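Take a look at the structure set out below.
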Amino acid sequence: MAGTPSRPVPSLPTLQEPAHNLPELPMVGEAMARQPLEQPTQPREPEDTVPKPVYFRKGDFGKYGMSRDCRGCEVAAQNLPWRAVHNNECTRIAAAMAADSDDATRVAAASKREDVFLVRTLERADSKKRKAQTESASSSSDAAPPMNPGGDAPTAEVLQTP
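With the UniProt record's numbering applied, the sequence shown covers 1 to 162.
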């Protein structure tokens, strides 16, 4: 018997012994080369996420009732550990909450978040559009002027060489 339980194959190194005769593995990719990361030249704008609608609490369902055929209401009724999206029928709960003085602030805050998101999105789209228009206008003004701006055909005298 050549090996032992702690070292069944005597020719292979163990964890305690350094592996001197193993081939060196090649580096793959830039991340493996441990090159320092370059800092971005321009700071990135924080991207807005789409705001969530009004969050319905368990007390809201007791106060306003649940909607039929709504997976979100079913999950809330069964006290399951996950959440599901409510359907469009549940907008009646949000409308009833807006009419109630206690819950109106939550609905107003959610609608304000949506309004702010829409305004920011439209402002960014407008600024991108204006930037594209100014870039296209500046690039068209940089183009070479036409050879004959007057539109007249050159005369024979101009074409003759002395």
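The C-beta atom is built at its ideal place from N, Cα and C for all residues, glycine as well.
Bear in mind that the values here come from a model prediction, so they are computed numbers and not experimental data.
In this structure, the CA atom of Pro10 is about 6 Å from the CA atom of Gly3.
Between Glu89 and Ser111 a beta carbon distance of about 19 Å is seen, past the 8 Å cut, so the two are scored as non-contacting. Burial of Ala76 is indicated by the presence of at least 16 other C-beta atoms within 10 angstroms of its C-beta.
Measuring C-alpha to C-alpha distances from Gly62 to each of Val50, Thr49, Pro53, Ala96 identifies Ala96 as the nearest. If you look at Ala98, you'll find it in the alpha helix (DSSP H) that goes 91 to 99. The Cβ neighbour count for Ala94, taken over all protein chains shown within 10 Å, is at least 16; the residue is labelled buried. The continuous alpha helix (DSSP H) containing Phe61 extends over residues 58 to 64. For Arg7, there is no enclosing alpha helix (DSSP H), since its DSSP letter is neither H nor E. Spatial neighbours of Val50 in its own chain (CB-CB distance under 7 Å, excluding positions within 5 residues in sequence) are listed in chain order as Phe117. Assigned with DSSP and collapsed to three states, Arg83 falls in coil, not helix or strand.
A direct Cα-Cα distance of roughly 59 Å separates Leu12 from Lys52.
Taking C-beta atoms as the reference points, Asp48 and Arg130 fail to come closer than 8 Å.
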